[in-house]
Amino acid sequence: KCSAPKVQKYYLSQTHQTLNDLAEERLPRGCIPEAERLRVQRPALPIEEGEKVWTLRLAFQLASELFQQNLTLVKWNSVKLRDLQDLLARQNMTYSECVRDMSVHLNLPIKNYFKELEDFLSHERFSACSWELVRAEMGSIISQAIRNAKKHV
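Start counting the sequence shown at 71; every next residue gets the next number (the numbering used here).
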């Protein structure tokens, strides 16, 4: 059974807060060159409720996979990082309960977005700065989802 919208919103907020808690500072000064190279097309959340839920489910699956990759160069608090990984996995499971047939939807914009983030990390050799930029980018996307959820809760 799909979780209640207030529960979904709570975990979105927790995930956003945990992403923010990982940051040691807004954008480390040494990361400006990487920031200039990060070019991703941020997808919009679909308006139709079923498509929106499926998109969020896919986004959390891909985010969960992304934040399991090569994190050896980041200087984030390991407990907070584990909390983030757990929250992303929980969100993935929460939204999985809401969708039945994943093969029906492709949702290429969200897949392309995460592919661009993954390619950026790989190109930057999973540097601490590249991870910091991806963390901030994910925070922006989750903020958008929270604002969107407030309209429906």
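Virtual Cβ for every residue (Gly too), placed ideally from N, Cα, C.
Nonlocal neighbours in the same chain, by C-beta distance under 7 Å from residue i, ignoring five residues either side
i	result
F137	L154, Q155 and L158
L187	V110, L136, V204 and E207
M172	Note that M172 has pLDDT 49, beneath the 50 cutoff, so the model's placement of it is unreliable and the number below is only indicative. Nothing meets the Cβ criterion.
V123	Y165, C168 and V169
P98	C199 and E202
Y81	L157, R160, Q161 and T164
E218	Glu is not the amino acid found at residue 218; the sequence shown has Asn there. Closer than 7 Å at the Cβ level, and outside the excluded window around N218, lie L115.
F130	L158, Q161, N162 and Y165
C101	C199, E202 and L203
C-beta atoms of residue i and residue j nearer than 8 Å
i	j	result
L143	S197	yes
N177	L126	no
S200	E104	yes
Y183	R112	yes
Cβ distance (whole Å) where residue i is taken to contact residue j below 8 Å
i	j	result
A215	L115	6 Å
L151	L92	7 Å
Cβ shell of residue i (< 8 Å), same chain only, five flanking positions each side left out
i	result
T85	L154, L157, L158, Q161 and I212
K140	The sequence shown places Asn at residue 140, rather than the Lys named in the question. Once the five neighbours on either side are set aside, the close Cβ partners of N140 are L191 and F196.
Same chain, Cβ closer than 6 Å to residue i, neighbours up to 5 away in sequence not counted
i	result
S134	L158, A159 and N162
V149	none
K87	Checking the sequence, you will find Gln at residue 87 rather than Lys. There are no such residues.
Any chain D beta carbon closer than 8 Å to residue i
i	result
R217	In the displayed structure, chain D is absent; only one protein chain is listed.
Completely contained beta strand (DSSP E) runs for the stretch 139-178, where each covers 3 or more residues:
Entirely contained in the stretch 139-178, not one beta strand (DSSP E) run reaches 3 residues.
Start-end ranges of the beta strand (DSSP E) lying completely within the stretch 82-133, minimum 3 residues:
none
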